[in-house]
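As structure tokens, the structure follows; a few thoughts come after it.
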Amino acid sequence: MDKFLQIPIVQWIEYRLPIFSFMNESIVVYPTPRNLNYWWNFGSLAGIALSLQIVTGIVLAFHYTPQADLAFASVEHIMRDVNYGWLLRYAHANGGSMFFTVVFIHLFRGMYYGSYKAPREILWMLGVVILLMMMATAFMGYVLPWGQMSYWGATVITNMFTAFPLVGDWLTTLLWGGFVVDNPTLNRFFSLHYLMPFMIVGVVVVHLWALHVHKSNNPLGIDMKGPQDSLPFHPYYTIKDMFGLGVFLLVFAWLIFFAPNLLGEADNYIPANPLVTPPHIVPEWYFLPFYAILRAIPDKLLGVVGMFGATLILFALPWLDTCKVRSARFRPFFKMAFWLFVVDVFVLGWVGKNPPEGMFILIGRIASIYYFAHFLVILPLLGKFEPTRPLPESIGTPVLKGGGEMPSGAAAAKMEKS
Amino acid sequence: MADSTSVAKRSDAHGEDETRRDFLYLATGAMTAVGAAAIAWPLIENMNPSADVLALSSIEFDLSPVEVGQSVTVAWRGKPVFVRHRTAEEIAEANAVDVSSLRDPQSDADRAEKPKWLIQVGICTHLGCIPLGQKNGEPKGDFNGWFCPCHGSHYDTSGRIRVGPAPRNLEVPDYEYLTDSLIKIG
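Quick mapping for you: the protein sequence lines, in order, are chains A and B. Numbering-wise, the numbering used here puts 817 at position 260 of the first sequence, and it's gapless, one number per residue. Numbering-wise, the numbering used here puts 212 at position 116 of the second sequence, and it's gapless, one number per residue.
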């Protein structure tokens with residue numbers, strides 16, 4: 558890097574726009590906790606998934622027509638006529654699922670290791686903003702093929718806004734641009750579906766900015782106390798992220814090439830028909846837990862509030878969990894509560910997938926109550942009463958005392974810094 | 097003392113590692129390049145004409161209703177194709193020109209398989225406007241053929257560029273006579 562900065566043209570640019578030293582400080586010598594495990598791969602994977610969605614999406618928009626009479630046919634045109642259109646569409650549709658998978662794991666990782674705690678509350682809340690924007694984007698994107706599920710999914714979701722007192726009907730008509738979901742709705746959803754990913758990129762930049770202020774949390778949940786606790790981001794984490802990317806792409810390629818419709822609904826290959834509702838409406842898998850909460854509550858407004866609340870409550874998580882210890886490794890009871898919560902979310906997803914009848918209603922209600930109880934009862938109580946295990950004095954101590962020596966790169970980075 | 101020997105040993109080990117590391121580095125780079133190219137290919141190839149566009153790339157046209165001295169414009173691949181049933185004078189005029197004096201030398205026989213039928217793409221070779229001269233009363237330029245109003249290119253009765261900025265003669269598309277009066281363009 559030092560040699561590179563001696564090149565005259567680099568110096569010329571650097572003097573006017575210090576981009577090279579900025580890059581150097583944020584992705585090369587950037588100090589990263591030396592003990593990060595593979596759960597820390599999912600942040601960079603989320604960024605890659607977002608980029609892939611933007612690239613495939615822009616290309617699909619070359620061929621797609623956002624008009625109610627032509628939209629379905631234009632998607633079939635992409636599948637049958639456009640060169641590699643099938644690949645691009647399958648990559649975009651399954652890319653959404655990959656994106657949500659990666660982001661959910663990223664989110665659960667943050668919960669397990671207490672990454673939302675001081676001083677990373679804003680970092681966490683920006684992540685929740687990204688999640689909400691992703692949900693809106695994914696929902697509007699699912700409407701674009703204008704199949705039966707697109708149409709009726711759009712109808713059900715937009716009808717939720719009628720639940721709000723006083724402004725509900727006005728708001729819904731405003732969303733639709735008519736009296737039902739129709740061509741004006743499709744047009745605006747296309748426009749917003751194209752816009753929002755770029756807004757997400759903007760929030761991601763701020764998310765990374767916040768991350769780089771206090772740096773990554775780590776599996777021990779204790780702060781880095783000096784260079785002996787960190788490794789330079791490059792090459793240690795660039796190569797680890799690349800390896801993770803390889804695994805990600807293997808799964809992604811398997812979905813695209815061997816099971817492209819595994820996560821989709823067959824009904825969406827029937828053109829939208831405003832006069833016939835399909836017998837069983839299900840959202841995409843990533844919305845199922847929230848959908849289950851909506852259906853669990855036998856009241857229109859409260860159901861909608863519960864569904865939105867399930868995501869919005871994440872904003873309050875840094876203050877609901879009052880325990881000062883971050884990582885679940887030192888919180889035996891929180892660890893159990895965390896895994897119960899994960900199971901609960903899967904149960905909600907399973908209930909959401911099934912029709913709302915018989916035992917699913919009861920299970921759905923219990924799981925919904927538990928979902929909120931985790932945040933509103935269990936976490937505050939644990940913060941008060943949980944006996945935590947003693948924390949190690951530093952990240953480096955257990956490693957270095959074990960007789961291992963410091964990697965040469967870390968030593969070099971240390972010298973470079975000082 | 098002990099320290100310096102251990103340092104020396106380490107750097108030796110590092111030296112033996114060098115070729116192995118180079119190999120891994122190059123193999124990773126090569127694999128990345130292949131992967132990037134494989135991803136880039138469909139992202140570019142999708143912009144080429146799709147199957148439904150290619151399916152429209154040839155058309156048939158029946159010449160028999162076109163009278164002597166009449167011009168007809170046919171759409172082919174979205175472009176206008178000028179079909180002209182030329183008069184004897186026009187054919188004679190086209191043959192009277194000294195081919196070597198032309199900007200884009202081409203004999204009339206090279207441009208019209210059967211002299212009375214001139215079939216050409218009606219797009220000026222300058223910057224893509226459609227020349228005038230198909231309809232009665234439109235200016236036909238100084239050489240009684242076609243005249244492009246955008247930048248003033250004059251084409252003769254064989255569709256050859258004579259005066260103006262266009263570099264080449266009007267393009268003659270691939271076509272064949274399926275019968276005496278039926279042609280297939282493209």
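Using N, Cα and C, we set each Cβ at its ideal position, and we do this for glycine too.
Beta-carbon proximity of residue i to residue j, cut-off 8 Å
| i | j | result |
| --- | --- | --- |
| A:Leu858 | A:Ala720 | yes |
| B:His250 | B:Pro261 | no |
| B:Gln216 | B:Glu163 | no |
| A:Phe895 | A:Ala885 | yes |
| A:Ala988 | A:Val686 | The requested residue 988 of chain A does not occur in the structure, where chain A is confined to residues 558 to 975. |
| A:Leu701 | A:Pro623 | yes |
| A:Phe619 | B:Asn265 | no |
| B:Ser154 | B:Gly282 | yes |
| B:Asp252 | B:Phe239 | yes |
| A:Pro840 | A:Leu905 | no |
Buried or exposed by the 16-neighbour rule on C-beta atoms within 10 Å, applied to residue i
| i | result |
| --- | --- |
| A:Ser773 | buried |
| B:Gly125 | exposed |
| A:Ile566 | exposed |
| B:Phe119 | exposed |
| A:Phe579 | exposed |
| A:Arg883 | buried |
| B:Ala188 | exposed |
| A:Tyr572 | exposed |
| A:Asn640 | buried |
| B:Lys174 | This sequence places Gly at residue 174 of chain B; Lys is not what is there. It is exposed - the Cβ of B:Gly174 has fewer than 16 other Cβ atoms within 10 Å. |
| A:Pro754 | buried |
| A:Gly803 | exposed |
Span of the alpha helix (DSSP H), counted from its first residue to its last, around residue i
| i | result |
| --- | --- |
| A:Gly821 | Looking at the DSSP string, A:Gly821 is not in any alpha helix (DSSP H), and its letter there is neither H nor E. |
| A:Gly653 | 642–669 |
| B:Ile187 | 184–191 |
| A:Asp739 | Neither: A:Asp739 is in no alpha helix (DSSP H) and is coded neither H nor E. |
| A:Asn716 | 705–716 |
| A:Leu938 | 936–942 |
| B:Asp206 | 204–207 |
Cβ shell of residue i (< 7 Å), same chain only, five flanking positions each side left out
| i | result |
| --- | --- |
| A:Leu680 | His764, Ala767, Leu768 |
| A:His837 | Pro912 |
| A:Tyr673 | Gly667, Trp681, Leu874, Pro875 |
| A:Thr834 | Trp709 |
| A:Trp643 | Met636 |
| A:His649 | Gln610, Thr613, Gly614, Leu617 |
| A:Ser975 | For A:Ser975, the predicted model reports a pLDDT of 36, less than 50, meaning its position is unreliable; a value from the coordinates is still stated below. Nothing meets the Cβ criterion. |
Contact set for residue i: own chain, Cβ-Cβ below 8 Å, skip 5 residues either direction
| i | result |
| --- | --- |
| A:Ile576 | Ile570 |
| B:Ser107 | Interpretation of B:Ser107 is limited by its pLDDT of 48, a score under 50 that renders its predicted location unreliable; no figure is taken from the coordinates. |
| B:Leu274 | Glu156, Lys280 |
| A:Tyr826 | Gly704 |
| A:Thr795 | Ile584 |
Reference residue i, options the options, closest by Cα
| i | options | result |
| --- | --- | --- |
| B:Ala54 | A:Leu609, A:His620, A:Asp626 | Since the first residue shown for chain B is 97 and the last is 282, residue 54 of chain B is missing from the structure and cannot be characterised. |
| B:Ala205 | B:Gly255, B:Glu156, B:Glu234 | B:Gly255 |
| A:Leu714 | A:Phe942, A:Val908, A:Arg852, A:Glu914 | Note on residue identity: the sequence assigns Ile, not Leu, to residue 714 of chain A. For A:Ile714, the nearest C-alpha among the options comes from A:Arg852. |
| A:Ile926 | A:Asn818, A:Leu845, A:Phe898, A:Trp907 | A:Phe898 |
| A:Pro784 | A:Ser951, A:Phe747, A:Gln563, A:Leu562 | A:Ser951 |
| A:Arg888 | A:Ala650, A:Ala829, A:Gly940 | A:Gly940 |
| B:Lys236 | B:Ser167, B:Ile155, B:Ala147, B:Pro201 | B:Ser167 |
| B:Arg180 | B:Leu214, B:Ala208, B:Glu186, B:Pro201 | B:Leu214 |
| A:Tyr751 | A:Phe696, A:Gly801, A:Ser787 | A:Phe696 |
| A:Ser654 | A:Asp726, A:Trp842, A:Phe942, A:Trp597 | A:Trp842 |
| A:Ile611 | A:Ile923, A:Met691, A:Phe599 | A:Met691 |
| A:Thr879 | A:Trp811, A:Val900, A:Leu933, A:Ile662 | A:Leu933 |
| A:Ala829 | A:Gln568, A:Gly704, A:Asp626, A:Val659 | A:Gly704 |
| B:Ile219 | B:Thr183, B:Ser197, B:Val195, B:Pro263 | B:Pro263 |
| A:Met893 | A:Gly821, A:His931, A:Trp907 | A:His931 |
| A:Phe815 | A:Val616, A:Asn651, A:Phe629 | A:Asn651 |
| A:Glu822 | A:Ser707, A:Phe942, A:Leu869 | A:Ser707 |
| B:Leu223 | B:Ala171, B:Asp194, B:Pro245 | B:Pro245 |
| B:Gly229 | B:Val177, B:Lys210, B:Asp276 | B:Val177 |
Close-in-space but distant-in-sequence residues of the same chain around residue i (CB under 6 Å, 5 per side omitted)
| i | result |
| --- | --- |
| A:Gly863 | Ile850, Ile854 |
| A:Ala970 | Below a pLDDT of 50, predicted positions are generally treated as unreliable, and A:Ala970, at 44, falls in that range; the measurement from the model is reported next regardless. Here the set comprises Val586, Pro789. |
| A:Leu562 | none |
| A:Phe746 | Met697, Val700 |
| A:Ile601 | The displayed chain sequence assigns Ser, not Ile, to residue 601 of chain A. Closer than 6 Å at the Cβ level, and outside the excluded window around A:Ser601, lie Asp798. |
Opening and closing residue of the beta strand (DSSP E) in which residue i lies
| i | result |
| --- | --- |
| A:Trp597 | It is not in any beta strand (DSSP E) - A:Trp597 carries neither H nor E in the DSSP assignment. |
| B:His181 | 175–181 |
| B:Val259 | 257–259 |
| A:Asp798 | Counting along the chain, A:Asp798 falls outside any beta strand (DSSP E), though it belongs to the alpha helix (DSSP H) covering 790–815. |
| B:His250 | 249–252 |
| B:Gly241 | 240–244 |
Check: residue i C-beta below 7 Å from any heavy atom of the ligand GDP
| i | result |
| --- | --- |
| A:Pro817 | Ligands are entirely absent from the displayed structure, and the ligand GDP is therefore not among its contents. |
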